[in-house]
Amino acid sequence: MIVPFHKPSIGKEEIDAVVDTLKSGWLSSGPKVKQFEEEFADAVASTYAIAVNSCTAALHLSLEAVGLKENQYVITTPLTFAATAEVIRYFKAHPIFVDVNEDGNINPDEIEIAIKKAQTKGKEVTTIMPVHFAGRPCDMSRILKIANYNGLHVIEDAAHAFPSSIGIRPIGSISDMTCFSFYATKTLSTGEGGMITTHNKEYAERVKRTRLHGVDRDIWNRYNSDKPKWFYLVEDVGFKYNMSDIAAAMGIQQLRKSYDFWDCRKRISEAYNRAFSDMPLILPTDGDLPRGSRHAWHLYVVKIDPMLTNIKRDEFIELMAKHGVGTSVHFIPLHLHPYWTRLYNFKHDDFPKALSFYEQCVSLPIYPGMGEYETYMVTDTVRKIFMGVLK
Ligand SMILES: *Cc1c(COP(=O)(O)O)cnc(C)c1O
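Going left to right, the sequence shown walks through residues 873 to 1263 as our numbering numbers them.
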């Protein structure tokens, strides 16, 4: 590949920080995790930030904190990664999938319809889990209004949404709990990692315990209190989801660069939108968001408009790869995956918007390591494909 779909942006700062941590003698959750949490909470204007070893863990612990129980229901989108809905099944609870808008985000009107429908069937809906698709913020004011009216929790899957904001309010400061991912390909990476942010003290204290075996004091606190270091008590059944200091050391450095990274992605998205304006593509936008909002541009997802070209999505992807440009597809809607199809007897077209999104979408490379040459390589290859010059 001349331009791979993704390349991590790791510099000397991350490498030095990891080496320092390795030399420090403190490898598991310690001072670096604490520092990363404080700086991340600051960055998203949240009261608390609790680091874990993945966004999947963050989502799991958040649902646990709001008390999800067997046979209850959680509203979410089918146009997402496996993790979002999988964690609901950890509780033997059920997702209610709700179809999406043109932008790939969950449709608030459909949420209202789904809640009414569930209520008439006597189903107990407790939570809404929106996903900020590609880093474009969902309509949170509508979603929070619906949640308040119906007495529901809101847990945001913000795996794509650092740093995103609605107006001046960062994603991470808005609802009950917000879950971020620091997986290898995400906008801020610690290799593997995640973060929960919340303003709620009770939730924060609960997930601090459940992320580490339900123990009352984490290891770092044990070494920094007047009780004996060996002393701890198990207060709950917990999990093994804590972040290592090695990962946190990397995260602290990535966080410092994250606004420069965002500038790069934003600039690439603008270059793409200019270059593609006369092509048979439906382009992503941030221009219609409330003033001052930020689209994280974790992904740049275009849809190939079938009314304007005969070139099919799969053929397009093959031609791009053949000519040196990596792409991807986000996402295969969950209802098309055998596990979910079997579990709820889904039909292929149960979520027509998510389905047509999936059939038309392609994610193009967008990462800080792309320079003008790489960006031009992508736009030029796309142009030549639609001109019929590349076979
Ligand atoms: C990547 C991703 C996750 C999972 O993140 P991990 O840190 O790998 O657990 C969850 N939701 C969405 C939408 C994602 O893209």
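Glycine included, C-beta positions come from ideal geometry on N, C-alpha and C.
Handout entry: Spatial distance of Met-1242 from Thr-1070 (CA atoms)
Key = Translated into positions along the sequence shown, residue 1242 becomes position 370. Translated into positions along the sequence shown, residue 1070 becomes position 198. Their backbone Cα atoms lie some 34 Å apart in a straight line.
Practice task
Can you grab the Cα-Cα spacing for the pair Leu-951 / Glu-911, in whole Å?
Solution key: To locate residue 951, count along the sequence shown from 1; it is residue 79. To locate residue 911, count along the sequence shown from 1; it is residue 39. CA-to-CA, the gap between Leu-951 and Glu-911 works out to about 31 Å.
Problem - Of the listed residues Thr-949, His-1209, Asp-1135, nearest to His-1167 (C-alpha basis) - result: For this step, residue 1167 is matched to residue 295 along the sequence shown. Residue Asp-1135 is the option with its Cα nearest to His-1167.
Exercise for the section: Take every Cβ of the stretch 1247-1257, pair it with every Cβ of the stretch 1214-1227, and state whether three or more of those distances are shorter than 8 Å. Expected result: Using a Cβ-Cβ distance cut-off of 8 Å, the stretch 1247-1257 and the stretch 1214-1227 are not in contact, since fewer than three pairs of beta carbons, one from each stretch, lie closer than that value.
Practice task
Give a single yes or no on whether Gly-1066 has its beta carbon closer than 6 Å to a heavy atom of ligand 1.
Solution key: If you number the sequence shown from 1, residue 1066 lands on position 194. Result yes, Cβ under 6 Å from ligand 1.
Problem - Cβ contact (3+ pairs, closer than 8 Å) linking the stretch 1176-1195 and the stretch 1022-1041 - result: Note that the stretch 1176-1195 does not touch the stretch 1022-1041; fewer than 3 beta-carbon pairs, one per stretch, sit closer than 8 Å.
Practice task
Entirely within the stretch 965-1017 and at least 3 residues each: give me those beta strand (DSSP E) ranges in chain order.
Solution key: Segments of the beta strand (DSSP E) lying fully in the stretch 965-1017: 966-969, 997-1001.
Problem - C-alpha distance - Ile-1266 paired with Asp-888, whole-angstrom precision - result: A query on residue 1266 cannot be resolved here, the shown segment of the chain reaching from 873 to 1263 and no further.
Problem - Which listed residue (Gln-907, Pro-1002, Asn-973) has its alpha carbon closest to that of Val-946 - result: In the sequence shown, counting from the first residue as 1, residue 946 sits at position 74. Nearest of Gln-907, Pro-1002, Asn-973 to Val-946, Cα basis: Pro-1002.
Practice task
Please name the residue or residues paired with Arg-1284 in a DSSP beta bridge.
Solution key: Since the first residue shown for the chain is 873 and the last is 1263, residue 1284 is missing from the structure and cannot be characterised.
Problem - Beta-carbon proximity list for Pro-1152, same chain, < 7 Å, skipping 5 on both sides - result: Along the sequence shown, one-based indexing puts residue 1152 at 280. Ile-1176, Asp-1177, Leu-1180, Thr-1181, Phe-1258, listed in sequence order.
Handout entry: Proximity winner among Glu-936, Phe-1223, Gln-907, Arg-1137, relative to Thr-949 (alpha-carbon distances)
Key = Along the sequence shown, one-based indexing puts residue 949 at 77. It is Phe-1223.
Exercise for the section: Consider the C-beta atom of Val-970 and the heavy atoms of ligand 1; say whether any pair is separated by less than 6 Å. Expected result: Against the sequence shown, residue 970 aligns to sequence position 98. Not so, every heavy atom of ligand 1 lies at least 6 Å from the Cβ.
Handout entry: Nearest-angstrom Cα separation, counted from Leu-1171 out to Lys-1194
Key = Indexing the sequence shown from 1 puts residue 1194 at position 322. Indexing the sequence shown from 1 puts residue 1171 at position 299. In a straight line, the C-alpha of Lys-1194 is about 22 Å away from that of Leu-1171.
Practice task
Can you list the residues near ligand 1, meaning Cβ strictly closer than 6 Å to any non-hydrogen atom, in the order they appear in the chain?
Solution key: With 6 Å as the limit between CB and the heavy atoms of ligand 1, the residues that fall short of it are Ser-926, Cys-927, Thr-928, Thr-952, Phe-953, Ala-955, Thr-956, Val-1003, Asp-1029, Ala-1031, His-1032, Ser-1053, Tyr-1055, Gly-1066.
Exercise for the section: Along the beta strand (DSSP E) that carries Leu-1236, what are the first and last residues, could you check? Expected result: Numbered from 1 along the sequence shown, position 364 holds the residue referred to as residue 1236. The continuous beta strand (DSSP E) containing Leu-1236 extends over residues 1233-1236.
Practice task
Rounded to whole angstroms, what's the CA-CA distance from Gly-1110 to Ala-986? Just pull it up for me.
Solution key: Taking the first residue of the sequence shown as position 1, residue 1110 is located at position 238. Taking the first residue of the sequence shown as position 1, residue 986 is located at position 114. Rounded to whole angstroms, Gly-1110 to Ala-986 spans 33 Å at the Cα level.
Problem - Alpha-carbon to alpha-carbon, Ser-918 and Ser-1045 - result: Counting from 1 along the sequence shown, the entry for residue 1045 is found at position 173. Counting from 1 along the sequence shown, the entry for residue 918 is found at position 46. Our two residues, Ser-1045 and Ser-918, have alpha carbons roughly 5 Å apart in a direct line.
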